[in-house]
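Chains as they are written, first to last, in my numbering: chain A, 182 to 560; chain B, 182 to 560. Ideal Cβ placement from N, Cα and C applies to all residues, glycine included. Notes follow the structure.
Number of protein chains: 2
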Amino acid sequence: MTRRNYIFAPGPVTVPPQVLAATAKPIIHHRSADFDPLFAKVCEGLKYVFQTKNPVVTFASSGTGAMEAAVVSTASPGERVVSLEAGKFGERWGDIAKAYGLAVERKQCEWGRSVDPQIVADELKQHPETKAIYMELCETSTATLENVKGVAEITRNTDTLLAVDAVSGLCAEELRMDEWGVDLVAAGSQKALMLTPGLGFVAVSEKARQAIAKSTAPKFYFSIGKALKELEKNTTPFTPAVSLLFGLEVALDMIREEGIENVWKRHARLAAAARSAVKAMNLELFSQNPASTCTAVKTPEGIDSGKVVKGLKEMGITIAGGQGQLKGKIFRFATLGWYNEYDVLTIIAAVEKVMQKLGHKFESGAGVSAAMAFFEANA
Amino acid sequence: MTRRNYIFAPGPVTVPPQVLAATAKPIIHHRSADFDPLFAKVCEGLKYVFQTKNPVVTFASSGTGAMEAAVVSTASPGERVVSLEAGKFGERWGDIAKAYGLAVERKQCEWGRSVDPQIVADELKQHPETKAIYMELCETSTATLENVKGVAEITRNTDTLLAVDAVSGLCAEELRMDEWGVDLVAAGSQKALMLTPGLGFVAVSEKARQAIAKSTAPKFYFSIGKALKELEKNTTPFTPAVSLLFGLEVALDMIREEGIENVWKRHARLAAAARSAVKAMNLELFSQNPASTCTAVKTPEGIDSGKVVKGLKEMGITIAGGQGQLKGKIFRFATLGWYNEYDVLTIIAAVEKVMQKLGHKFESGAGVSAAMAFFEANA
């Protein structure tokens with residue numbers, strides 16, 4: 182038969198056919214009344230997945246664009262900001278801040294561990310003028326869940342903003358923007374939102390909106406201030422990616438039907454089963470505080486993780502390797518978005534095959550059995 | 182029957198069903214070998230439509246994002262640039278330049294006329310240090326074709342860059358980037374490229390690439406320098422809008438099959454027929470140098486052009502009104518992209534109906550007859 186391809190990467194993800202079909206609907210004009218109900222509906226749906234009553238602005242961009250918008254819309258050149266960096270995506274915050282002339286303190290933390298919120302407490306004590314803390318929800322390069330709630334407890338009653346990169350984590354990890362007191366949450370469409378890539382989102386708290394009013398960093402396309410102004414009129418400053426919004430409408434309906442807390446729980450359960458399976462294959466997890474977004478596995482000495490990625494690719498299965506200092510040392514897979522128990526069995530079975538081929542020793546079927554046992558015990 | 186909707190706006194446009202269908206294909210991972218042939222092919226196809234051997238970079242963004250990329254990637258704060266502004270989209274260049282602290286000379290020119298290249302010659306004589314000239318290919322707000330070739334003759338042997346906003350005009354108007362000596366051409370997907378919105382493009386000359394190496398304007402997402410570096414490896418710095426690239430592949434195949442010169446000719450012929458029809462309805466064109474991209478029609482005294490737009494919308498037909506100083510005074514329609522003779526008859530017949538309803542006097546059928554006569558005389 183024609184080869185069937187599978188994506189188990191931590192984004193992009195398998196897009197449900199009903200979402201794909203919606204993206205192919207005949208185009209409508211975004212400056213006409215046809216656009217109003219669609220945009221109003223997706224904006225409401227986004228608030229639900231961000232767990233916020235605050236506005237969420239949408240850009241035609243990748244998730245990085247959304248992160249840039251969060252930085253340039255709230256800060257001014259020379260202002261002090263702190264970037265918590267325990268992986269490649271944490272570093273992105275620092276890179277953006279540097280590009281715009283902010284006085285960025287880059288806190289290089291150990292990869293594979295959650296950043297200790299005490300670091301933020303100390304920073305704010307010594308430097309209460311700090312404009313913003315930038316952090317991850319899930320550091321995708323190490324598959325580590327960060328402690329957003331813990332950091333928000335420190336920032337929420339200060340003048341310092343908390344900006345969270347939830348590009349990979351949104352909908353996969355618990356995130357309660359308003360309840361926790363997060364100020365800016367950036368996200369992208371091609372992860373647990375189950376969509377094709379091309380949309381970036383930023384949710385914006387009242388405190389962040391006050392910062393936006395004072396920000397002098399240069400910006401045009403990624404001005405959240407401009408986007409918020411147009412949002413009041415239920416539109417966007419520049420042409421939105423309408424076909425992706427059609428898909429988003431369907432994806433958000435699916436999430437609402439399942440319920441966001443159930444979506445979080447499903448991701449947690451699938452990831453926990455995957456971790457049981459990994460251990461049963463005599464493999465070690467990379468992260469000390471593993472995320473539900475994806476799973477990072479160390480390859481045993483002598484096995485380059487690139488070979489695992491390549492071996493799976495030859496079978497039609499896409500996962501991800503290690504980035505930066507982890508290149509060759511870990512592989513990462515995910516059941517992110519529209520995935521279920523059977524998908525976990527699929528990727529684990531495929532990993533078993535490849536690891537055996539590469540000479541790693543374990544009992545055949547051990548991974549899949551462990552995952553099934555986990556599902557049964559945690560029904 | 183269920184109402185059939187038509188788009189005759191100067192973008193977004195009717196997207197061919199084969200293009201829509203391609204955008205709904207199962208997603209592939211952009212950091213895997215699956216992406217390579219797709220991206221290589223669309224990059225080659227883009228060179229063809231821009232008529233250039235230079236690289237064309239692609240952003241997940243609207244056309245405005247592409248314009249911003251052209252500005253921030255080549256200029257440095259304080260540098261003198263000249264923005265030729267004879268309409269709303271010309272003004273956008275000036276707005277972007279201002280946002281990034283350039284010393285922008287905004288040449289306010291008469292709306293509805295092409296900007297005289299002599300203005301540029303005088304500017305460069307007085308200020309040879311001018312870093313860039315920003316202009317339109319088609320000023321969409323007035324439906325006016327600008328003289329890119331004429332301006333390029335002045336800039337091409339100087340150190341001054343010529344950046345052209347071809348967001349609406351690409352594929353609709355003759356544009357020979359290399360032959361004419363244009364340095365930066367910005368475009369978007371949702372016009373004569375026949376795609377849904379969400380992709381921005383910038384073609385970059387050798388002279389522009391030299392400027393990029395020296396530019397100090399702050400940038401991250403919209404760095405053309407970064408995009409060019411990744412383009413050498415046949416990829417993009419940030420997650421591309423893959424599903425739109427699937428559609429682009431099909432759209433570019435369609436353009437190549439017709440031939441870019443034939444595509445230009447078809448747009449010119451349809452627009453000329455539309456203008457004959459407009460005159461036959463006793464209506465006046467707004468532009469002194471009308472574009473092929475779209476047609477702007479003055480409404481007779483006492484008829485607010487907003488009523489024409491609204492009347493057509495009630496019939497399921499989307500066109501555009503006047504913007505800025507032209508609000509209420511003109512309406513604009515287009516056969517931009519995947520349109521033919523019958524589409525011209527459709528929009529003209531609909532305009533006839535609405536104008537009669539609004540009390541404008543002319544012989545019923547005069548517009549449609551004039552268009553048919555034009556097509557026969559110009560087969």
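At 7 angstroms on the CB atoms, spell out the chain A contacts of K400(B), in chain order. A280
For P218(B), does the count of other Cβ atoms within 10 angstroms reach 16, so buried, or fall short, so exposed? exposed
Pair within 9 angstroms by beta-carbon distance, V566(B) and V262(B): The requested residue 566(B) is not part of the displayed model; chain B covers only 182 to 560.
Does R513(A) pass the burial test, meaning 16 or more other C-beta atoms within 10 Å, or should it be called exposed? buried
List, in chain order, every chain B residue whose beta-carbon is nearer than 7 angstroms to that of V223(A). Those do not exist, as V223(A) stays about 15 angstroms from chain B at its closest Cβ, beyond 7 angstroms.
Taking CB distances under 9 angstroms as the criterion, tell me whether L425(B) reaches chain A. yes
Consult DSSP for Q506(A) and reduce its assignment to one of helix, strand or coil. helix
Going along the chain, which residues of the region 184-197 of chain B sit with their C-beta nearer than 9 angstroms to a C-beta in chain A? N186, I188, A190, G192, P193, V194, T195 and V196
On the CB-based measure, 16 or more other CB atoms within 10 Å of its CB, does G497(B) come out buried or exposed? exposed
Beta carbons nearer than 7 angstroms to chain A: which residues of the region 521-535 of chain B have them? none
Does the region 340-360 of chain A come within contact of the region 317-327 of chain A, defined as at least 3 CB pairs closer than 8 angstroms? yes
When we look at the beta-carbon of S396(B) and count the other beta-carbons within 10 Å, is it buried (16 or more) or exposed? buried
Measure the beta-carbon distance from A347(A) to V366(A) and round it to whole angstroms, keeping in mind my assumption that it falls under 8 angstroms. 5 angstroms
Counting along the chain, where does the beta strand (DSSP E) carrying D364(A) start and finish? Where D364(A) is concerned, there is no enclosing beta strand (DSSP E), given that its DSSP letter is neither H nor E.
Check the Cβ-Cβ distances between R287(A) and every residue of chain B, and say whether any is below 9 angstroms. no
Am I right that T325(A) and R287(A) are in contact with their C-beta atoms under 8 angstroms? What's the rounded C-beta distance? Contact doesn't hold; Cβ gap of about 17 angstroms is too wide.
Starting from E286(B), follow its DSSP beta bridges and name the residues at the other end. V263(B)
Assigned exposure category for R450(B) - 16 Cβ within 10 Å defines buried: buried
Where does the unbroken alpha helix (DSSP H) through K372(B) begin, and where does it stop? Segment: none, K372(B) is in no alpha helix (DSSP H) and carries neither H nor E.
Could you check where the alpha helix (DSSP H) with T527(A) kicks off and where it finishes? E522 to K538
So the candidates are S386(A), P378(A) and A373(A); which of them puts its Cα closest to the Cα of W361(A)? S386(A)
What residue range does the alpha helix (DSSP H) around M496(B) cover? Neither: M496(B) is in no alpha helix (DSSP H) and is coded neither H nor E.
Contact set for C290(B): own chain, Cβ-Cβ below 7 angstroms, skip 5 residues either direction: L265, E266, A267 and V296
Using a Cβ-Cβ cutoff of 7 angstroms, what residues of the region 373-391 of chain A are near chain B? List them in chain order. T377, P378 and G379
Taking contact to mean 3 or more Cβ pairs, one atom from each stretch, closer than 8 angstroms, check whether the region 437-446 of chain B and the region 397-412 of chain A are in contact. no
Per DSSP, which one or two residues make a beta bridge with F270(B)? F270(B) pairs with nothing; no bridge assigned.
So what does L326(A) bridge to, in DSSP terms? C319(A)
Nearest-angstrom Cα distance between A221(B) and L374(B)? 18 angstroms
For a contact meaning CB atoms closer than 7 angstroms, what does T499(B) contact in chain A? H210 and S213
Consider the Cβ of I277(B): report whether some Cβ of chain A lies at a distance smaller than 9 angstroms. yes
Span separating the alpha-carbon of M182(B) from that of I436(A): 34 angstroms
What distance in whole Å lies between the Cβ atoms of L342(A) and A302(A), which are believed to be in contact at a cut-off of 8 angstroms? Wrong, their Cβ atoms sit about 16 angstroms apart, outside the cutoff.
Can you tell me where the alpha helix (DSSP H) holding G428(A) begins and where it ends? V423 to E439
Looking at chain B, is there any beta carbon in it that lies within less than 9 angstroms of the beta carbon of P218(A)? no
CB contact flag (Y281(B), T499(B), <9 angstroms): no
8 angstroms CB neighbourhood of S457(B) in its chain, flanking five on each side removed: A551, A552, A554 and F555
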